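Residue numbers (the working numbering): 151 to 596.
Read the structure below first, then the notes.
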Amino acid sequence: MTGCIAQGLACAVLALSPPVPFTTVGANVPVSSDDLLGGRGQQVEPYLAIDPLDPSRLVGAAQEDRVASGAARANGVYASADGGTTWTRGLVPGVSTASGGRFDRATDPVVAFGPDGTAFYVSLALDFSRSFPTASAILVNRSGDGGASWSAPVTAARGRRHRLLDEPWLAVDGGAASPRPGAVYLSWNDGDLESMAGESRVVVTRSDDGGLSWRTPVVASGGAHIVGGARVAVGPDGTVHLLYAMMPLERTGRIETSHDFIRVASSTDGGATWTRAVTVAQRRYPFVKGLRVGSGTAFAVDASTGALHAVWTDSRRGAGDVVTSHLDAGASRWSRPVRVGSAADVQFTPAVAAAGGSVHLLFYDRAARHRCSVMYAQSLDGGATFRPPLRVSSAPFDPLRAERDFRGRFLGDYIGIAATASFAQAIWVDDRSPTGNDVYTARISG
């Protein structure tokens, strides 16, 4: 049996039992509350982490009161001490003006636990002028009590002059065999506002003191391209892996918007240097009519096996498909991509977790007449094949009723799933309620 929890946290492997099929979906439990900001709440972009020392303790995150021109009034934080049955709710402190900070808005919330049970919460903080971001910073809060209380934020990075930060991601090294156990890694997109094509790069930084201070960031993506959807994860041996989508530039300097490349780079020295990125797949950029769906990327490392699992949305068939590929420990080539879900429906915004040789996918699935559900699919053979998807959301919803964004209706650029050997915990946003977007969670187990 393994004590590993899949959420960007590497951990020691005790022994590996055969994966168990998860066939039971628990009740949909409301997580968020519209009362945090005076009844104006519209939540988007949720994420979730499980405490490795006590799997009954969960921490969730989402944007609170999304603004149509971008970002939200604050980032919300949710904590459960009973496995997701009940939740406490609040605003992560010191980020935006609505939560006692100095920035206009907050966005891109991601949470993770360290091996000692410390929870980390990363936010992108933004100032706006005439509906356009003018300043950016990446802030990190800590909690030592399972999310019940949070420290003031530490600034991990700040946008300089014409550079705008975006899409931060967080992972913690929990590997007992790692040379850097407890190291915290942050990745983000660093964009050039003066570039005609909006060139960007992915940079990574590391903290060795629990998020109190951060090293000088290192460029991990290389080259002058458009990058997005970066996800950082740590293997059981401490190797750091970075997935991102790279959109090529034409010779004229214009963006080639029809397709991009899913790429992965790795670092064996704690993020100081990076390998040349390997292309996992070429895809047609995800597009779902009427919706903003983001880059559609997800990434996980199975701490029990060391296998990497890349997931993305591909629109080459004319509709969105969730596609996955894996790289086993010691292998030199990524597997042939596998499509998951119904060929007749449109799938988008996937999330992935991997634990004990089992791979867990969560994604939106839109069928006829715009009716949408949240679906779960599991692989018991390390990602080679997947069992038929299970419906997780107990009520269908119409995403075209979701919160309005300047690029389309918006549920978030990502959703979340975390897993242990005995259960997977899903978190997502839907608009089944007349009040609009709300955050829900459900447990999937054997």
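Idealized CB from N, CA, C, for every residue including glycine.
As the structure is a computational prediction, the values presented were derived from the model and not from experiment.
Delimiting residues of the beta strand (DSSP E) encompassing residue i
i      : result
Glu214 : Leu208 to Arg216
Ile565 : Ile565 -> no beta strand (DSSP E), and no H or E assigned at all.
Ala503 : Val496 to Ala505
His391 : Val390 to Met397
Leu276 : Ala269 to Ser279
Leu241 : Thr238 to Leu241
Simplified DSSP assignment, three categories, for residue i
i      : result
Leu550 : helix
Ala162 : Summary for Ala162: the model assigns pLDDT 43, below 50, so the residue's position carries little reliability, and this model does not support an answer.
Ser337 : strand
Ala453 : coil
Thr247 : helix
Arg308 : strand
Asp254 : coil
Val170 : coil
Ala518 : helix
Asp184 : helix
Leu540 : strand
Gln432 : strand
Arg223 : strand
Gly379 : strand
Ala285 : strand
Val194 : strand
Asp342 : strand
Leu441 : strand
Leu362 : coil
Pro584 : coil
Asn229 : According to the sequence shown, residue 229 is Ala rather than Asn. The answer is strand: DSSP assigns Ala229 an E or B state.
Ser482 : coil
Pro205 : coil
Arg330 : coil
Ser301 : coil
Pro259 : strand
Exposed unless 16 or more other CB atoms sit within 10 angstroms - verdict on residue i
i      : result
Glu344 : exposed
Ser363 : exposed
Cys161 : In this prediction, Cys161 has a pLDDT of 48, which is less than 50 and means its spatial position is unreliable; nothing more can be read from the coordinates.
Gly440 : exposed
Gln213 : buried
Ser293 : buried
Phe556 : exposed
His312 : exposed
Ala282 : Reading the sequence as shown, one finds Phe at residue 282 and not Ala. That one is exposed.
Gly506 : buried
Gln432 : exposed
Gly297 : buried
Ser206 : exposed
Arg356 : buried
Gly188 : exposed
Ala177 : exposed
Thr585 : exposed
Val369 : exposed
Pro303 : buried
Thr455 : buried
Gly596 : exposed
Thr305 : exposed
Asp588 : buried
Arg223 : buried
Ala333 : buried
Arg483 : exposed
Per DSSP, cross-strand counterpart(s) of residue i
i      : result
Val473 : Trp462 and Arg489
Thr591 : Val179 and Ile577
Trp319 : Ser337
Thr355 : Leu336
Phe411 : Met396 and Gln432
Phe556 : Answer is none; Phe556 lacks a bridge partner.
Gln528 : His510
Arg426 : Per DSSP, none; premise fails for Arg426.
Thr447 : Trp462
Ser293 : Ala269
Ser417 : Val390
Arg313 : Asp342
Ser350 : Gly341 and His375
Ser572 : DSSP, once it has assigned bridges, lists no residue as partnering Ser572.
Ala370 : Looking at the DSSP assignment, Ala370 forms no beta bridge with any residue, so it has no partner.
Chain B contact for residue i (CB, 8 Å cutoff)
i      : result
Leu441 : Among the chains in the structure shown there is no chain B, since it carries only a single protein chain.
For residue j and residue i, believed in contact at Cβ under 8 Å, the rounded distance
i      : j      : result
Pro265 : Pro202 : 6 Å
Val414 : Val430 : 6 Å
Thr389 : Ser416 : 6 Å
Pro318 : Val579 : 19 Å between Cβ atoms; not a contact.
Val194 : Gly562 : 4 Å
Gly378 : Asn339 : 6 Å
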